[in-house]
Amino acid sequence: RYLPHYMSWKSKILTRVFISRTDAQVCITNGAREALLGLGWTRPERVAVVYNSVDVKRFSSLNKKKEARARLGLPADALLLGMVCRLFWAKGCVDLLALLKRLPDNWHGVFCGAGPQLLELKNFCEEQNLSHRVHFLGRQDDVTTVYESLDAYAFLSRYEPFGLVMAEAMASGIPVFGL
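This is the structure we're talking about:
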């Protein structure tokens, strides 16, 4: 959503020029569409709404947990608390590690994704003696196997426009814990 009262005059000008040069704008809610139209920066026929969603059928025929863990190289006997996200500060990745430190040793953390915080997270694991309990899967083309391997999902984002990962985890039958 464009919020001109928080934008500098330069940003307003650049945004208006950008919008005027694009073929169309796509919003994820009707409220965002109405807000954009209310600014008078575009015409109604040039703004579409495409709602965020999850295809729950994609998660209906998941692998068995044991098979999923074997495919990903995860321990079969641990309880896995995981995240599927870009690894950067706003997603709360360090918070997952802080939680893991308070949980019994049979709980392990799983990160599926990549990002600028990866090295910091690995270093934190080493400093806190958690490396043997944290698993970094990197980017995965198909996250259904990741969800199937988890016992619980940690949604710890400091801000999130819409957490599709929560809907994916729920569609996979995994309990979601978060802020």
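Under our numbering, the first residue of the sequence shown is numbered 294, with each subsequent residue one higher.
Even for Gly, the Cβ is constructed at its ideal location relative to N, Cα and C.
Residue from the options whose Cα sits closest to the Cα of residue i
i      : options                        : result
Val528 : Tyr299, Val347, Ser424, Val439 : No information on residue 528 is available, as it lies outside the stretch 294 to 472 that the chain covers here.
Arg339 : Val347, Glu327, Ser346, Lys350 : Glu327
Gly375 : Val427, Ala317, Met300, Pro297 : Val427
Cys405 : Val436, Met300, Val319         : Val436
Lys359 : Gly466, His425, Pro368         : Pro368
Phe417 : Ala325, Leu390, Asn345, Asp434 : Leu390
Phe352 : Phe470, Asn345, Ala464         : Ala464
Asn356 : Gly471, Phe470, Lys303, Gly466 : Gly466
Counted within 10 angstroms of its Cβ, other Cβ atoms place residue i as buried (16 or more) or exposed
i      : result
Ile306 : exposed
Arg395 : exposed
Trp334 : buried
Phe448 : buried
Ser450 : buried
Val458 : buried
Tyr446 : buried
Val310 : exposed
Val349 : exposed
Ala317 : exposed
Near the ligand NAP: residue i beta-carbon under 6 Å from a heavy atom
i      : result
Met459 : Ligands in the displayed structure: none, and consequently the ligand NAP is not present.
Limits of the alpha helix (DSSP H) - the one that residue i falls within
i      : result
Gly331 : 323 to 331
Met459 : 457 to 464
Tyr440 : 437 to 442
Proximity of residue i and residue j at Cβ, strictly below 7 Å
i      : j      : result
Leu392 : Ser442 : no
Gln410 : Leu380 : yes
Cys386 : Leu423 : no
Leu373 : His401 : yes
Ile312 : Asn345 : no
Element boundaries [beta strand (DSSP E), containing residue i]
i      : result
Val319 : 318 to 320
Val288 : Coverage of the chain is limited to positions 294 through 472, which leaves residue 288 absent and any answer about it impossible.
Leu281 : Beyond the ends of the chain as shown, which are 294 and 472, falls residue 281; an answer cannot be given.
Ala391 : No beta strand (DSSP E) contains Ala391, which is instead part of the alpha helix (DSSP H) from 386 to 395.
Trp302 : No beta strand (DSSP E) contains Trp302, which is instead part of the alpha helix (DSSP H) from 302 to 314.
Integer Cβ distance of residue i from residue j, believed to fall under 8 Å
i      : j      : result
Asn399 : Ala371 : 6 Å
Val342 : Asn323 : 5 Å
Ala347 : Glu461 : The sequence given here has Val at residue 347, not Ala. Indeed, because the Cβ distance is near 5 Å, the residues count as touching under 8 Å.
Tyr295 : Leu329 : 6 Å
Ala407 : Tyr452 : Incorrect: roughly 20 Å between the Cβ atoms, too far for contact.
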